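Note sheet for the following structure.
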Amino acid sequence: MKVRDVMHRGAECLDDDTPISDVARRMRDADVGAIPISAAGELVGIITDRDIACRAVADGADLDQLTARDVMSKDAVCCAYDDDLSDAVRIMESRRIRRLPVMADGALVGMLSLGDVASRAGAPLSAEVLRAVSSHH
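In this text, residue positions in the sequence shown follow the numbering used here: the first is 186, and each later residue adds one.
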């Protein structure tokens, strides 16, 4: 099974200078928990709802002054559209991440989430990635 068979398509990438309030609105409107972040057309990070809660709100930062760059997780890892699903799952396990941007020809084409794997892959693979990603750090 390939990543393209399981991922959800149509993910959006925002610029790293996007105000954090705009990022949060985009997440709410798209009903997603993570958005990849780019700078000069390159994937440079990913911002999650947890990043916003822990790195902005909980720290008492001035939300009107923050951008995606200020709270994103840097050095986002991604996978390719044509990768074997098992290879993408290994990345998720080793990095303990729940969402993985999917690239094709240098462009973002979708996201692979823990939920995508759980709903479309077999039980053994789903259980394996869930156990690895969900364990305490």
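Beta carbons are placed, not taken as given, at the ideal position from N, Cα and C, and that holds for glycine.
All of these numbers come straight from a predicted model, not from anything done at the bench.
Reduced DSSP secondary structure (H/G/I, E/B, other) of residue i
i	result
Cys264	strand
Val242	helix
Asp269	strand
Gly195	coil
Leu228	strand
Strand pairing of residue i, partner residues [DSSP]
i	result
Glu278	DSSP, once it has assigned bridges, lists no residue as partnering Glu278.
Thr203	Looking at the DSSP assignment, Thr203 forms no beta bridge with any residue, so it has no partner.
Met288	Ala265, Leu293
Ile222	Leu199, Gly230
Ser298	Arg284
Pairwise C-alpha distance: residue j and residue i
i	j	result
Arg281	Arg275	9 Å
Asp207	Val262	23 Å
Arg284	Gly245	26 Å
Ala243	Ile237	9 Å
Met277	Val302	11 Å
Ser298	Met192	7 Å
Ala273	Asp247	36 Å
Asp249	Arg240	14 Å
Gly300	Val229	24 Å
Val217	Asp268	23 Å
Ser223	Val256	13 Å
Own chain partners of residue i with C-beta closer than 6 Å, once the 5 adjacent residues on each side are dropped
i	result
Met186	Leu270
Asp202	Thr252
Inter-residue CB distance, residue i and residue j (contact presumed, cutoff 8 Å)
i	j	result
Pro286	Ile205	At roughly 19 Å, the Cβ-Cβ gap does not stay under 8 Å, so Pro286 and Ile205 are not in contact.
Own chain residues within Cβ distance below 8 Å of residue i, not counting five before or after
i	result
Ser258	Gly230, Ile231, Ile232, Thr233, Asp236
Met288	Leu228, Cys263, Cys264, Ala265, Tyr266, Val294
Contacting residues, own chain, Cβ-Cβ under 7 Å from residue i (five flanking each side not counted)
i	result
Pro221	Ala196, Cys198, Leu228, Ile231, Ala261, Pro286, Leu293
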